[in-house]
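Peer 1: Mind looking over this structure? Questions follow.
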């Protein structure tokens with residue numbers, strides 16, 4: 595009988611954390627592989643300490659938007675003191691137009707950033723102008739190019755965009771997640787295989 599082996603690899607991401615007076619910290623990321631299905635998942639144990647959003651009913655959305663604004667990390671009055679900055683390899687934060695890009699406080703990969711579209715705490719889908727989207731994507735591309743310049747082996751890039759809690763966003767303020775990694779995510783790997 596074959597023995598089932600659980601495999602994981604450990605990766606690290608460095609950032610200057612606002613939770614530690616902007617001192618450099620190293621976040622540990624585990625990539626775990628299911629021995630039966632071959633599927634992989636990413637885990638950041640520290641992320642479990644972060645406050646969680648609770649699924650909401652549609653009528654509660656307005657209240658959630660108003661209630662989340664005063665303590666929102668991504669709003670202009672908080673972004674400089676509540677979001678991390680990159681280490682020496684990159685500028686502290688990347689800015690293009692209204693877009694601001696910085697490391698994810700609880701990364702799932704060595705190069706995992708957040709791109710905030712604008713200073714507006716909440717946008718309806720029809721309020722995402724082409725300019726806001728273009729500036730955010732330009733900031734993402736600038737980040738990918740900076741990563742590639744010193745770490746060309748991180749060749750799998752992707753941008754994820756979830757909007758509001760019903761779309762799996764844990765923060766109301768409009769943002770994207772940007773990852774450059776050594777291996778594709780499970781879903782990206784499936785897309786690559788299907789495209790062949």
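Numbering (our numbering), first residue to last: 595 to 790.
Note that CB positions come from ideal geometry on N, CA and C, so glycine has one too.
(1) If you run the structure through DSSP and keep just helix, strand and coil, what is residue 626?
(2) Please list, in chain order, all residues of the same chain as residue 667 whose beta carbon is under 6 Å from its beta carbon, the five residues on each side excluded.
(3) Quick check on residue 679: does DSSP put it in helix, strand or coil?
(4) For residue 564, which three-state DSSP category applies?
(5) Which of helix, strand or coil does DSSP assign to residue 705?
(6) Can we count residue 640 as close to the ligand PLP, meaning its CB is less than 8 Å from some heavy atom?
(7) In its own chain, which residues sit with a C-beta less than 7 Å from the C-beta of residue 694, not counting the 5 before and 5 after it?
(8) What did DSSP end up calling residue 716 once you bin it into helix, strand or coil?
(9) Using the Cα positions of residue 638 and residue 692, report the straight-line distance between them to the nearest angstrom.
(10) Please state the DSSP three-state secondary structure of residue 725.
(11) Under 9 Å, do residue 766 and residue 731 count as touching if we go by C-beta distance?
(12) When DSSP labels each residue in this structure, what does residue 772 get in the three-state scheme?
(13) Should the region 740 to 755 be regarded as contacting the region 774 to 785, the criterion being three or more beta carbon pairs within less than 8 Å?
(14) Assuming residue 702 and residue 636 make a contact with CB atoms under 8 Å, what is their CB distance in whole Å?
(15) Mapping the DSSP letters down to three states, classify residue 611 as helix, strand or coil.
(16) Would you call residue 734 buried or exposed, if buried means 16 or more other Cβ atoms sit within 10 Å of its Cβ?
(17) In whole angstroms, what is the alpha-carbon distance linking residue 640 and residue 628?
(18) Any idea if residue 724 is buried or exposed, counting beta-carbon neighbours within 10 angstroms, 16 or more meaning buried?
(19) Taking its Cβ as the centre, do 16 or more other Cβ atoms sit within 10 Å of residue 769, making it buried, or is it exposed?
(20) Count the other C-beta atoms from every protein chain shown that fall within 10 angstroms of the C-beta of residue 614, then say buried if there are 16 or more, exposed otherwise.
Peer 2: Inspection of the coordinates gives the following:
(1) Residue 626 falls in the strand class under three-state DSSP.
(2) 676 and 677
(3) strand
(4) Since the first residue of the chain shown is 595 and the last is 790, residue 564 is not available in this structure.
(5) Strand at residue 705.
(6) What this structure holds is no ligand at all, so the ligand PLP is not there to describe.
(7) Leaving aside the five residues that flank residue 694 on each side, the residues in its chain whose CB is nearer than 7 Å to its CB run, in chain order, 673, 687 and 710.
(8) coil
(9) It is roughly 29 Å from the alpha-carbon of residue 638 to the alpha-carbon of residue 692.
(10) helix
(11) Remark: C-beta atoms of residue 766 and residue 731 do not approach each other more closely than 9 Å.
(12) strand
(13) yes
(14) Residue 702 to residue 636, Cβ: 4 Å. Contact.
(15) strand
(16) buried
(17) 21 Å
(18) exposed
(19) buried
(20) exposed
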